[in-house]
């Protein structure tokens, strides 16, 4: 099995079934899923789902997974608190690692994992697959086309209407929700020169982090990441303003078939209808005022595996750089502290 990713998953939750296996399935020429590790208590009463994947060996023997010389990539999909535990275990057993977000709970822990990977001559990377979201890919294409001119402002929204959140107390939403949009901004624009935070709870200040408005300053350009649980009417997922025009990108949802039927999650790679396209308005080089719809790019989270394959076998660079991961976690730590101090 030379020049093939031989994968073992740690965990078998929704993330594996929705954001990994359907995309890996399309890449059998270079990816083989050998194991899915689950604890015995997690398997009890859930055996049927395992039968949906007859080519994969399900096991509750972690040593079997870690000591198998064929396995060259371990994908960690456990609850957040166990990410570094299994990442460290895999690295110490000579396995490369793709870890679900957040890569670690602190920037310090993340640096320790990267240092260990470097010491072992291995690769460790978080699954920041939302860089390949259809909406983000479309925004990236428009920005990089230059049609908007110099970018002045980018606003990213992950909003919900969940009034029950007024009773929520506790921290951690930044790790669950903000990590992807923060990574999208840093992945597109690089390290910010300055940060401004408004992070708090609408109803329980100092006791939760359910609202955030985080500003990234890049000279004259600003990027904004926002989430609120009290938004009844949707904002655009992305709003981009440049000196020559603007682009609005609607929220899209996930491309999987979420019908409650047994079997593996089905993914559509068909082009989205026009009501899911972005709207571009700009002044062209002849001074004409142009407004048109921009077809949405096709979403493919498997691209993160394509990159890992190229890193391991073709000497490519990691699409998610270590320093970007560290900065994202530093921002989340800083923002969480501000939420704790809010009154």
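Residue numbers (the working numbering): 685 to 1027. Ideal Cβ positions, reconstructed from N, Cα and C, are used throughout, including at glycine.
(request) Grab me the residues of residue 822's own chain with a C-beta within less than 7 Å of its C-beta, minus the 5 sequence neighbours each way, in chain order. (result) 933, 962, 978, 980 and 981
(request) Below 8 Å on the Cβ atoms is my guess for residue 1017 versus residue 791; work out the distance and round it to an integer in Å. (result) 6 Å
(request) List the residues that DSSP assigns as beta-bridge partners of residue 906. (result) 837 and 901
(request) Would you list the residues sitting across from residue 741 in a DSSP beta bridge? (result) 719
(message) Going by DSSP in three states, residue 780 sits in which element: helix, strand or coil?
(response) strand
(request) Can you give me the start and stop residues for the beta strand (DSSP E) that residue 925 sits inside? (result) 922–926
(request) Report, in whole angstroms, the separation of the C-beta atoms of residue 761 and residue 695, which I expect to be a contact under 8 Å. (result) 4 Å
(request) Compute the distance between the beta-carbons of residue 832 and residue 929, then report whether it is under 8 Å. (result) yes
(message) So, with DSSP's three-state summary, where would you put residue 817?
(response) coil
(request) Determine the direct distance from the alpha carbon of residue 913 to that of residue 946, and round the result to whole angstroms. (result) 32 Å
(message) Going by the DSSP bridge assignment, what does residue 932 pair with across the sheet?
(response) 923 and 963
(request) Throw me the rounded Cβ distance for the residue 908 and residue 879 pair, which I believe falls under 8 Å. (result) 11 Å between Cβ atoms; not a contact.
(message) Only counting the same chain, and skipping five residues up and downstream in sequence, which positions put a Cβ closer than 7 Å to that of residue 723?
(response) 744
(message) One question on the structure: do residue 877 and residue 852 come within less than 8 Å of each other, judged by their Cβ atoms?
(response) no
(request) Using the Cα positions of residue 1001 and residue 818, report the straight-line distance between them to the nearest angstrom. (result) 23 Å
(request) Helix, strand or coil for residue 877, going by three-state DSSP, please let me know. (result) coil
(message) My assumption, with CB atoms under 8 Å, is that residue 865 sits in contact with residue 842. Please give the rounded CB distance.
(response) 6 Å
(request) Give me whichever residues DSSP pairs with residue 810 in a beta bridge. (result) 783
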